[in-house]
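With full-length UniProt numbering, the residue at position 34 of the sequence shown is 34, and numbering never jumps.
Quick reminder that beta carbons are idealized off the backbone N, C-alpha and C, glycines included.
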Amino acid sequence: MLRACTGRGFSAVYGAAGVQCRTITALIMGPPGGGKGTLSKKLIKDFNFHHISTGDMLRAQVRAGTELGATAKKYMDSGELVPDQLIVDMVLAETKSANATDILLDGFPRTAEQAEALGRAMSVDM
Numbered sequence: 001m002l003r004a005c006t007g008r009g010f011s012a013v014y015g016a017a018g019v020q021c022r023t024i025t026a027l028i029m030g031p032p033g034g035g036k037g038t039l040s041k042k043l044i045k046d047f048n049f050h051h052i053s054t055g056d057m058l059r060a061q062v063r064a065g066t067e068l069g070a071t072a073k074k075y076m077d078s079g080e081l082v083p084d085q086l087i088v089d090m091v092l093a094e095t096k097s098a099n100a101t102d103i104l105l106d107g108f109p110r111t112a113e114q115a116e117a118l119g120r121a122m123s124v125d126m
């Protein structure tokens with residue numbers, strides 16, 4: 001709604017109004033095929049979120065042949081979840097590189113341990 005009315009996202013509107021605001025962190029959770037990606041695309045377009053998708057990040061690591069990618073591929077090929085700590089470290093590193101932009105977490109957290117680690121590291125707004 002804000003984007004539709006102003007053509008800009010949260011931070012740009014509040015900043016232009018002279019309002020001190022912090023970045024917004026939102027997350028999308030749901031089952032495979034539940035529309036997370038579709039909703040993410042809409043939010044990214046409308047509100048200029050920095051999109052963090054654990055699935056996309058893992059696939060990129062595998063394609064790039066990184067150590068993380070090789071480790072993740074073993075789990076992915078066997079149908080297991082990649083260990084929580086690897087996912088958490090990867091996501092938190094990416095949130096730090098977002099440099100104070102609004103963040104959209106897509107498909108994270110997937111486990112209680114990931115949710116607890118996220119809660120210790122940052123606050124989630126929506």
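Check whether residue i and residue j have beta carbons under 7 Å apart
{"i": "I52", "j": "E116", "result": "no"}
{"i": "D102", "j": "T54", "result": "no"}
{"i": "S40", "j": "D106", "result": "yes"}
{"i": "L43", "j": "L104", "result": "yes"}
Opposing strand residues paired with residue i [DSSP bridges]
{"i": "A26", "result": "L104"}
C-alpha distance - residue i paired with residue j, whole-angstrom precision
{"i": "D89", "j": "G33", "result": "25 Å"}
{"i": "E113", "j": "K36", "result": "21 Å"}
{"i": "K96", "j": "Q61", "result": "18 Å"}
{"i": "K73", "j": "V82", "result": "8 Å"}
{"i": "F108", "j": "A64", "result": "22 Å"}
{"i": "T111", "j": "D84", "result": "8 Å"}
{"i": "T71", "j": "D46", "result": "35 Å"}
Residue i, enclosing beta strand (DSSP E) - first and last residue
{"i": "S53", "result": "50-53"}
N-terminal and C-terminal residue of the alpha helix (DSSP H) that residue i is part of
{"i": "E116", "result": "112-121"}
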